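Numbering (my numbering), first residue to last: 4 to 262.
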């Protein structure tokens, strides 16, 4: 049976958020200089009393913002910077580039402690696999405690795998990740569903709850509403609590319905 191998693959999918997306911003709170470049035909409005500055790009060229530490480059067609509060708001075709990722969206806010995509967006890892995270609702990453959260629907995918659901939360520092909302996942010939998936990196444990369903080439495992599947990565053992129905297929074929 290959359940153990495939559950390990699912863990690697979840680790994308902890090992790729989050470290793309990791390195502590933002500090250092902020440089704003406005193109020709752009507009700059400075309120020296309130220390609130507004920058607009031209019809073709966006405003460009360079952050010193950690190094980041942001472009948008409208940027507002509150120097006193150290609060930056970017609107209209926003793009943020770091060493490890590119984040885009219609709206982004940035402070020394946090980056947010209030109206959703897309985060793509810079690498040969080009994994990406699409958030339909709100996304936030905290520099201070290295935590991240997404709501309102998300899609996490790579070249031959995907995880889709409603909400997720994770912590790079704690090594934990939770996804909820009638999740669907796929890796090559493995696919499945669950109401919730929790991953504990330090414990090396993955937990699926809420009518978990796992299909693979040789069979299918269906759990009930109270079924809990706990998988120990180090020992390679799965423990299932609650009702289940498992079917195996000698010819390697599984009916799409799981029957």
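Glycine included, C-beta positions come from ideal geometry on N, C-alpha and C.
None of these values were measured; they are calculated from a predicted model.
Classify residue i as buried or exposed, calling it buried when 16 or more other Cβ atoms lie within 10 Å of its own Cβ.
| i | result |
| --- | --- |
| residue 79 | buried |
| residue 244 | exposed |
| residue 253 | exposed |
| residue 54 | exposed |
| residue 101 | buried |
| residue 185 | exposed |
| residue 162 | exposed |
| residue 215 | buried |
Give a yes or no on whether 7 angstroms exceeds the smallest Cβ distance from residue i to chain C.
| i | result |
| --- | --- |
| residue 178 | No chain C is part of this structure, which consists of one protein chain only. |
From residue i to residue j, what distance separates their C-alpha atoms?
| i | j | result |
| --- | --- | --- |
| residue 141 | residue 44 | 33 angstroms |
| residue 30 | residue 73 | Unreliable positioning characterises residue 30 in this predicted model, as indicated by a pLDDT of 48, which lies under 50. The coordinate reading is nonetheless provided below. Roughly 7 angstroms separates the two Cα atoms. |
| residue 49 | residue 89 | 15 angstroms |
| residue 107 | residue 251 | 44 angstroms |
| residue 118 | residue 194 | 33 angstroms |
| residue 120 | residue 241 | 37 angstroms |
| residue 213 | residue 183 | 10 angstroms |
| residue 93 | residue 110 | 6 angstroms |
| residue 125 | residue 99 | 10 angstroms |
| residue 148 | residue 52 | 33 angstroms |
| residue 122 | residue 96 | 12 angstroms |
| residue 233 | residue 192 | 21 angstroms |
| residue 204 | residue 179 | 6 angstroms |
| residue 64 | residue 155 | 31 angstroms |
| residue 38 | residue 71 | 8 angstroms |
| residue 115 | residue 85 | 12 angstroms |
| residue 112 | residue 47 | 19 angstroms |
| residue 217 | residue 228 | 14 angstroms |
| residue 219 | residue 146 | 38 angstroms |
| residue 131 | residue 169 | 27 angstroms |
| residue 177 | residue 160 | 23 angstroms |
With a threshold of 7 angstroms on Cβ separation, who are the neighbours of residue i within its own chain once the five nearest residues in sequence on each side are excluded?
| i | result |
| --- | --- |
| residue 26 | With a pLDDT of 47 at residue 26, under the threshold of 50, the modelled position of this residue cannot be trusted, and the question is left open. |
| residue 247 | 224, 225, 226, 230 |
| residue 189 | 164, 165 |
| residue 87 | 54 |
| residue 69 | 38, 76 |
Which same chain residues, not among the five before or five after residue i, have their C-beta less than 6 angstroms away from its C-beta?
| i | result |
| --- | --- |
| residue 187 | 167, 196 |
| residue 67 | 40, 78 |
| residue 153 | 138, 142, 171 |
| residue 158 | 137, 167 |
| residue 181 | 172, 201 |
| residue 272 | Shown here, the chain extends from 4 to 262; a query on residue 272 therefore has no answer. |
| residue 210 | 201, 233 |
| residue 150 | 174 |
| residue 83 | 57, 92 |
| residue 81 | 59, 94, 95 |
| residue 238 | none |
Leaving out the 5 sequence neighbours to the left and right, which residues in its chain are closer than 8 angstroms to residue i when beta-carbon positions are compared?
| i | result |
| --- | --- |
| residue 61 | 42, 43, 44, 45 |
| residue 208 | 202, 233, 234, 235, 236 |
| residue 35 | 70, 71, 72 |
Give a single yes or no on whether residue i has its beta carbon closer than 6 angstroms to a heavy atom of the ligand ADP.
| i | result |
| --- | --- |
| residue 39 | This structure lacks the ligand ADP; in fact it carries no ligand of any kind. |
Quick check: the region 222-231 against the region 199-208, are there 3 or more CB pairs under 8 angstroms?
no
Segments of 3+ residues assigned as beta strand (DSSP E) that fall wholly inside the region 82-153
90-100, 104-113, 117-120, 124-128, 135-138, 142-145, 150-153
Every unbroken beta strand (DSSP E) within the region 191-225, with a cutoff of 3 residues, ordered by chain
193-203, 208-212, 216-219
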